[in-house]
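So the sequences go chain by chain: A and B.
All residue numbers for the first sequence refer to this note's numbering, where the first residue is 1 and numbers rise by one.
All residue numbers for the second sequence refer to this note's numbering, where the first residue is 1 and numbers rise by one.
All remarks here apply to the structure that follows.
Protein chains: 2
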Amino acid sequence: MAGDTAAPSAFELAQRQGDEAIRTTLLDAASRLLATEGPQALALRRIAAEAGCSTTVLYRMFGGKAGLTEALYIEGFERFRRRLAAVPHDPDPRVHLRELGLAYRANALAERNYYGLMFGEPVPGFQPGEKALATALSAYMILEDAVAACAAAGLLIDAPPRHVAASFWAAIHGFVSLELDGHLPDADTVVDTLMRGASSGFFVTPRK
Amino acid sequence: MAGDTAAPSAFELAQRQGDEAIRTTLLDAASRLLATEGPQALALRRIAAEAGCSTTVLYRMFGGKAGLTEALYIEGFERFRRRLAAVPHDPDPRVHLRELGLAYRANALAERNYYGLMFGEPVPGFQPGEKALATALSAYMILEDAVAACAAAGLLIDAPPRHVAASFWAAIHGFVSLELDGHLPDADTVVDTLMRGASSGFFVTPRK
DNA sequence: GGTGTGCGATAACGATGTTACGTAAGGAAA
DNA sequence: TTTCCTTACGTAACATCGTTATCGCACACC
């Protein structure tokens, strides 16, 4: 009959373009499952079925679940870094830092399953490897640079800028974690108090 | 021969004292496994073997893995609350709040597997129920009361004390989370900067 | 054209949470 | 005391998970 050949799966299409296309196709399927159904849906059989292939391909591309999780971890931090890098530079470095904090929160809320993968531990045995931690660091550097800009402008308290950056990161990260866990019912208003506290806590008013 | 009766297991000993003793025995075994080997070791067969019984008892006592996880979650927050409540009350409420923050960190470091269970999500599908969240809230209330004491002493900035308490919690919680994840190599010095920022950010010097 | 190499699907293995089944024990009623 | 019923427990089976072994097939290379 006419309909002898079924529609080619995403995997079959990618297969003609080399391993890199296969890899991104699988990663896309996994990413979609993570975003829409949460980390529970990150089962290898599930991902393979979604892409239209068998789990063997996942082992060839990622070595196993740990490798795939790490790839998603890196992808999450990449998206994170891009979002932070896209925040426009306000002339006032304090304002820029504040807007980075708000973008941090917005990104975490928009892709909470990625955020959980990056900072929670929804995949039982997973520990990020060297490359994964480097990617995380590159995202964090955007925050640290913003704090360094504040320091260069003489706006910072007398403390190592790196410690201030880590403290600021801890504050916004903790806030987001609690919010995602449902511990902060009125998070929208709390974030204002948090930013106010960070402003008056880490900054000094420059003597003109 | 003489050695006909083997040594009675922990479960058999508890069995003679009623269901409550059985429950605490199983919870003790699970708690020990969690503390020493991490959440990976929280397998029902493993816990049952440790206590000397079968998994059926776990289902009768806790209804399944979710119920047992919730019991451990509550136990973790209970320990947390007790530790925070044991912090001596410094006359200066600001000092008391600071020491609560340090106790928060110390407890998290001492029982990091419990902390991961409470704030991470190492058991794939687990969501805390109503009673669990209430227990968590009672621990948090100690922090909120300390902030309220600061407010009563006229030491707080012009913001709702509840928002200040939430912000303070977010900061120390985020710091601990990052430290446990290995993102803060020099955590010991960062905590000083964080506390300094919180002090000058959320407090005002009272006008005598 | 033969040959080998690697890729992918299928199936099996161990471990997990969960459920069904059989059994023994203990108490209540006759 | 005897009988019966309820309850508790252990064993075994089932579905699902990550992982690995096996087999077939297609393509490339000589």
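All C-beta atoms, glycine included, are put in the ideal place defined by N, C-alpha and C.
> If you draw a straight line from the C-alpha of B/Ala2 to the C-alpha of B/Cys53, how long is it?
Replying inline: Position 2 of the second sequence holds residue 2 of chain B. Position 53 of the second sequence holds residue 53 of chain B. In this predicted model, B/Ala2 has a pLDDT of only 43, less than 50, meaning its place in the structure is not dependable; the value taken from the coordinates is given anyway. Their backbone Cα atoms lie some 24 Å apart in a straight line.
> List, in order along the chain, the chain B residues whose C-beta lies closer than 7 Å to that of A/Gln40?
Replying inline: Counting from 1 along the first sequence, the entry for residue 40 of chain A is found at position 40. Under the 7 Å cutoff, chain B gives Pro124, Gly125.
>> When you compare the CB of B/Leu194 with every CB in chain A, is at least one pair closer than 9 Å?
In response: For the purposes of this step, residue 194 of chain B is taken as the residue at position 194 of the second sequence. It does: the Cβ of B/Leu194 has a partner Cβ on chain A nearer than 9 Å.
> Can you list the residues of chain B that A/Leu216 reaches, using a CB-CB cut of under 8 Å?
Replying inline: Lying outside 1 to 208, the shown extent of chain A, residue 216 of chain A is not represented and no answer is given.
> Can you find a C-beta in chain A that's less than 9 Å from the C-beta of B/Ala171?
Replying inline: Locating residue 171 of chain B in the second sequence gives position 171, counting from the first residue. Cβ-Cβ to chain A under 9 Å: yes for B/Ala171.
>> Tell me which residues share the same chain as A/Phe175 and place their Cβ nearer than 8 Å to its Cβ, disregarding the 5 neighbours each side in the sequence.
In response: Looking up residue 175 of chain A in the first sequence gives position 175. The residues are Arg105, Leu184, Ala187, Val190, Val191, Leu194.
> Just curious, the alpha helix (DSSP H) that A/Ala149 is in, first and last residue?
Replying inline: Taking the first residue of the first sequence as 1, we reach residue 149 of chain A at position 149. Unbroken alpha helix (DSSP H) run through A/Ala149: 130-152.
> Which residues mark the beginning and the end of the alpha helix (DSSP H) in which B/Val164 is found?
Replying inline: Residue mapping note: residue 164 of chain B aligns to position 164 of the second sequence, counting from 1. Per DSSP, B/Val164 belongs to the alpha helix (DSSP H) from 161-180.
> Shorter than 9 Å from the beta carbon of B/Tyr115 to some beta carbon of chain A?
Replying inline: Here the question's residue 115 of chain B lines up with position 115 in the second sequence. No - not a single Cβ of chain A is within 9 Å of the one on B/Tyr115.
> Does A/Pro93 have its Cβ less than 9 Å from a Cβ in chain B?
Replying inline: As a working mapping, residue 93 of chain A is identified with position 93 in the first sequence. Taking Cβ atoms only, chain B never reaches closer than 9 Å to A/Pro93, which makes this a no.
>> For the pair the region 37-47 of chain B and the region 106-124 of chain B, tell me if three or more CB-CB distances fall below 8 Å.
In response: yes
> Who are A/Phe77's beta bridge partners in DSSP?
Replying inline: Here residue 77 of chain A corresponds to residue number 77 of the first sequence, with the count starting at 1. Partner(s): none; A/Phe77 has no beta bridge.
> Do you know how far the Cα of B/Gly182 is from the Cα of B/Phe7?
Replying inline: Residue 7 of chain B sits at position 7 when you count from the first residue of the second sequence. Residue 182 of chain B sits at position 182 when you count from the first residue of the second sequence. The residue asked about is misnamed: residue 7 of chain B is Ala in this sequence, not Phe. Roughly 44 Å separates the two Cα atoms.
> What residue range is occupied by the uninterrupted alpha helix (DSSP H) comprising B/Thr205?
Replying inline: As a working mapping, residue 205 of chain B is identified with position 205 in the second sequence. That residue, B/Thr205, is in no alpha helix (DSSP H); it is neither H nor E in DSSP.
> Can you list the residues of chain A that B/Leu100 reaches, using a CB-CB cut of under 9 Å?
Replying inline: As a position in the second sequence, residue 100 of chain B is number 100, starting the count at 1. None at all; the shortest Cβ gap to chain A is about 15 Å.
> Given that B/Thr189 touches chain A, what residues does it touch there, using C-beta distances under 9 Å?
Replying inline: Your numbering for residue 189 of chain B matches position 189 in the second sequence. Near B/Thr189 (Cβ distances below 9 Å), the residues of chain A are Pro160, His163.
>> By alpha-carbon positions, which one of B/Val87, B/Pro93, B/Thr69 ends up nearest to B/Ala153?
In response: Residue mapping note: residue 153 of chain B aligns to position 153 of the second sequence, counting from 1. Ranking B/Val87, B/Pro93, B/Thr69 by Cα distance to B/Ala153 puts B/Pro93 first.
> What residues from chain A crowd round B/Ser31, counting only those whose CB sits closer than 9 Å?
Replying inline: Walking along the second sequence from the start, residue 31 of chain B turns up at place 31. Chain A residues near B/Ser31: none, gap ~19 Å exceeds 9 Å.
> By how many angstroms is the C-alpha of A/Glu50 removed from the C-alpha of B/Arg82?
Replying inline: If you number the second sequence from 1, residue 82 of chain B lands on position 82. If you number the first sequence from 1, residue 50 of chain A lands on position 50. About 48 Å.
> To the nearest angstrom, how far is it from the Cα of B/Pro88 to the Cα of B/His96?
Replying inline: Reading the second sequence from its first residue, position 88 is the one you call residue 88 of chain B. Reading the second sequence from its first residue, position 96 is the one you call residue 96 of chain B. So the two alpha carbons sit approximately 8 Å from each other.
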